[in-house]
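The opening position of the sequence shown corresponds to residue 1 in my numbering, with each subsequent residue numbered one higher. Note that the Cβ used here is the ideal one computed from N, Cα and C, for glycine as well. See below for the structure under consideration.
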Amino acid sequence: MDLTVIVPTFNEGPNVAELVGRLGAALEGRDAEILFVDDSTDDTPAIIASVATTSTIPVRLIHRDEPVAGLGGAVLEGFRAARARWCLVMDGDLQHPPEDVPRMLDRAAVGDVDIVVASRYVTGGTAGGLAGATRTAVSRASTALTKSMFPRKLHGTTDPMTGFFLVDRDAIDLDALRPRGFKILLEILARRQLRIGEVPFAFASRYAGSSKASFTQGIRFLTQLAMLRFGRMSAFAVVGGVGALANLAIMWGLIHLGMGYLPAAIIASEVTIIGNFLLLEYLVFSDMRADSGLMRTRFIKSFTFNNVEALVRIPVLALLVQDAHIPSVLAAAITLVAAFIVRFVFHALWVYAPKSQPSATPSPALPQPTGRTLES
Ligand SMILES: Nc1nc2c(ncn2[C@@H]2O[C@H](COP(=O)(O)OP(=O)(O)OP(=O)(O)O)[C@@H](O)[C@H]2O)c(=O)[nH]1
Ligand SMILES: [Mg+2]
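Structure representation (structure tokens):
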């Protein structure tokens, strides 16, 4: 088989017949299959099954009852199940015109690239289908930010965030991918230096159905970027830094309201500890939560650890200053750095340790794959 077309779908029923029909026409005479990886909560799987019976090319369906890692996880599952070595990934809402697929195949057939990216931003392409000026600006800005963070790996592409690309599955290390959220192409390109080819395409409007893009997806994307570029520890450090600032601000506010500095410091610390825990849950360790038991248990561990740490750090500081004669500011810095490292190790290995067998997308006990800093 020459080609597997992977289509991730979430409640795209009204688009299925149109997509399969146009793909069938565009791929006439080629040995290709369409593979839907579906996380729908509506009747989309039934529609796919019925369209499959009249399609001119083979249609397969993987329906995930327990979706792992959203859109990116679906595409990864598609790569694993694909019958062909070359896989084309496209949206199920016809924003990616099936008629452009032959041009992508022709580009790959030249034989000098591992991946062909269909770009909205190369000469000849357009992003007209992006709804509204805000979406366009967000897309442009995040593309620039992403490219600046991986200047070498993304050098060959103007559109590292597109969901429309053709890739040689043998050129990517599926086990190294840790998809989170929407941007699977970024995950692929940032992990390993690939030879990239590009063809322009006109991004269309949605054919039917509704968008799954959201503000939450935007936050997920920024975390994905930070983790890919700097590793999990840096995301942890950012959260810690934000917490420290919040701590001081709350303390300052309470003192201005007339509270004594000690109770103010205690309240500020406890509020910050709780806030930090929530940020860790939803940003830094979101991919490890599912396998690490109850949120309540994680909270108790994290809360206890941070309070014990605060209680232990001060006497240690006194020891360093009085007995080891280290200057107090240097001693404070040493305790803070040590506390940071211990806190990270504690959270990564204990609070978020997998309880069950890893589910479909492996969640490592060590934050290694996502945590690894990547060369650009
Ligand atoms: N399997 C799976 N597919 C998803 C999921 N979320 C989105 N999709 C699919 O991914 C593709 C892209 O999602 P869209 O909602 O079109 O995102 P978008 O193109 O940024 O947003 P619009 O411009 O409004 O269309 C579509 O085919 C969706 O059905 C998911 O959690 N699982
Ligand atoms: Mg879309």
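Of the choices V101, L94, D93, whose alpha-carbon is the least far from that of W86?
For this step, residue 86 is matched to residue 86 along the sequence shown. Of the listed residues, the one whose Cα sits closest to W86 is V101.
Of the residues R192, S148, P179, which one's Cα is nearest the Cα of D173?
Taking the sequence shown and counting its residues from 1, one reaches residue 173 at position 173. Closest in alpha carbon position to D173, among R192, S148, P179, is R192.
What is the rounded straight-line gap between the Cα of L317 and the Cα of A268?
In the sequence shown, the residue the question calls residue 317 occupies position 317. In the sequence shown, the residue the question calls residue 268 occupies position 268. When rounded, the distance between both Cα atoms is 21 Å.
Give the DSSP-derived three-state secondary structure of I266 in the structure shown.
If you number the sequence shown from 1, residue 266 lands on position 266. I266 falls in the helix class under three-state DSSP.
Is it buried or exposed for M295, if we count other Cβ within 10 angstroms and need 16 for buried?
For the purposes of this step, residue 295 is taken as the residue at position 295 of the sequence shown. M295 should be labelled exposed.
What is the residue span of the beta strand (DSSP E) that I34 lies within?
As a first step, residue 34 is located in the sequence shown; it is residue number 34 there, counting from the start. I34 -> beta strand (DSSP E) spans 32-38.
What residues does ligand 2 have around it, judged by CB closer than 7 Å to any heavy atom, in chain order?
Cβ atoms closer than 7 Å to ligand 2 belong to D91, D93, Q95, R206, S211.
Looking at L166 and A108, is the spacing between their C-beta atoms short of 7 Å?
Walking along the sequence shown from the start, residue 108 turns up at place 108. Walking along the sequence shown from the start, residue 166 turns up at place 166. Between A108 and L166, the C-beta gap is smaller than 7 Å, which places the two residues in contact.
Tell me the rounded alpha-carbon separation between V122 and P179.
What you label residue 122 is simply residue 122 of the sequence shown in a count that begins at 1. What you label residue 179 is simply residue 179 of the sequence shown in a count that begins at 1. Approximately 26 Å, taken between the alpha carbons.
Using a 10 Å radius around the Cβ and a threshold of 16 neighbouring Cβ atoms, would you call Q95 buried or exposed?
Here residue 95 corresponds to residue number 95 of the sequence shown, with the count starting at 1. With 16 or more other Cβ atoms from the protein chains shown falling within 10 Å of its own Cβ, Q95 counts as buried.
Going along the chain, which residues of its own chain have a beta-carbon closer than 6 Å to the beta-carbon of T56, five neighbours each way excluded?
By one-based count along the sequence shown, residue 56 stands at place 56. G24, listed in sequence order.
Only counting the same chain, and skipping five residues up and downstream in sequence, which positions put a Cβ closer than 6 Å to that of F164?
What you label residue 164 is simply residue 164 of the sequence shown in a count that begins at 1. The residues M90, H96, A118, in chain order, have a CB closer than 6 Å to that of F164 in the same chain once the five nearest residues on each side in sequence are set aside.
Could you give the DSSP three-state label for V110: helix, strand or coil?
Residue numbering aside, residue 110 sits at position 110 when the sequence shown is read from its first letter. Note: V110 maps to coil in three-state DSSP.
Tell me whether G13, by its Cβ, gets closer than 6 Å to a heavy atom of ligand 1.
Position 13 of the sequence shown, counting from 1, holds the residue named residue 13. For G13, the shortest separation between its Cβ and any heavy atom of ligand 1 does not lie below 6 Å.
Which class does H256 belong to by DSSP, given the choice of helix, strand or coil?
On the sequence shown, position 256 is the one that residue 256 refers to. In the structure shown, H256 adopts helical secondary structure according to DSSP, grouped into three states.
Boundaries (first-last residue) of the beta strand (DSSP E) holding L166
By one-based count along the sequence shown, residue 166 stands at place 166. It spans 165-168 - the beta strand (DSSP E) in which L166 sits, taken as one unbroken run.
Thinking C-beta only, is T41 closer than 7 Å to G13?
Counting from 1 along the sequence shown, the entry for residue 13 is found at position 13. Counting from 1 along the sequence shown, the entry for residue 41 is found at position 41. Taking 7 Å as the Cβ cut-off, G13 and T41 do not qualify as a contacting pair.
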